[in-house]
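The sequence shown begins at 3 in our numbering and counts up one residue at a time.
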Amino acid sequence: MSERPILAVDVDGVISLFGFEGPLEQVPGRFHLIDGIAHCIAHGVGERLQTLAAHYELVWATGWEERANDHLPALLGIPELPVLTFGGRARFGTAHWKLDALERYAGPRPLAWIDDSLDDTCYAWAKRRPAPTMLVKARSDEGLTDEHVKTLLDWAEMLREPAPEDG
Ligand SMILES: [Mg+2]
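Rendered as structure tokens:
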């Protein structure tokens, strides 16, 4: 009963930023070379995930699949996480191909999901889900912010509160 809700975490646009503009000294993260590609890992995102991990069971929901555990835990200061896989359906810039795997993984449990590519299909799915479901849309040039963390902590807190009695 006191089981933590699941938090599904996207990588591109949530942890690894893109699409930002402006001078180099204002880049919103730090570049790390991962498998030969420079990724801008958002400032403070490791600490934010650590905070969330105390209240949620984190799972990677990213086209990176298993690769997410290769470098990110060390960079972010978090343990390796369970990984959703998508059978080759991953498409950059969209997210609806994650729904089947999310559904299978979460089953009847409460689920929050942060992603920069949520679309109408995702919101419609969340609305249909019988279990509590919270979608948080990130901006790909900002990633996971303090505001998102607050929203997610408030939601987890709300789930812990006993439901009001009928009558
Ligand atoms: Mg993304």
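C-beta: ideal position from N, C-alpha, C; glycine also.
Computed from a prediction, not measured in an experiment: that's the story for all the values here.
Looking at the structure shown, is residue i part of a helix, part of a strand, or coil, going by DSSP?
{"i": "His150", "result": "helix"}
{"i": "Leu120", "result": "coil"}
{"i": "Leu104", "result": "helix"}
{"i": "Arg141", "result": "strand"}
{"i": "Asp14", "result": "strand"}
{"i": "Leu172", "result": "Residue 172 falls outside the range modelled here, since the chain spans only 3 to 169, and no answer is possible."}
{"i": "Leu155", "result": "helix"}
{"i": "Ala114", "result": "strand"}
{"i": "Met3", "result": "Only weak support exists for where Met3 lies, its pLDDT of 43 falling under 50; the coordinates are left without a value."}
Are residue i and residue j touching if we call contact CB-CB under 8 Å?
{"i": "Arg111", "j": "Ala92", "result": "no"}
{"i": "Tyr58", "j": "Ile8", "result": "yes"}
{"i": "Val2", "j": "Val138", "result": "Residue numbering for the chain in the displayed model covers 3 to 169; residue 2 lies beyond these limits and cannot be assessed."}
{"i": "Asp14", "j": "Thr87", "result": "no"}
Query raised in the report: What are the start and end residues of each continuous alpha helix (DSSP H) run of 4 or more residues lying completely inside the stretch 26 to 73, in chain order?
Result: 47 to 55
Query raised in the report: Three or more beta-carbon pairs under 8 Å between the stretch 148 to 159 and the stretch 117 to 127, yes or no?
Result: no
Query raised in the report: Three or more beta-carbon pairs under 8 Å between the stretch 70 to 86 and the stretch 46 to 57, yes or no?
Result: yes
Requested in this report: Assess, as a yes-or-no matter, whether the stretch 18 to 27 is touched by the stretch 35 to 46 under the definition of 3 or more beta carbon pairs within less than 8 Å.
Outcome: yes
Query raised in the report: Within the chosen definition, does the stretch 24 to 35 reach the stretch 81 to 90 through at least 3 CB pairs nearer than 8 Å?
Result: no
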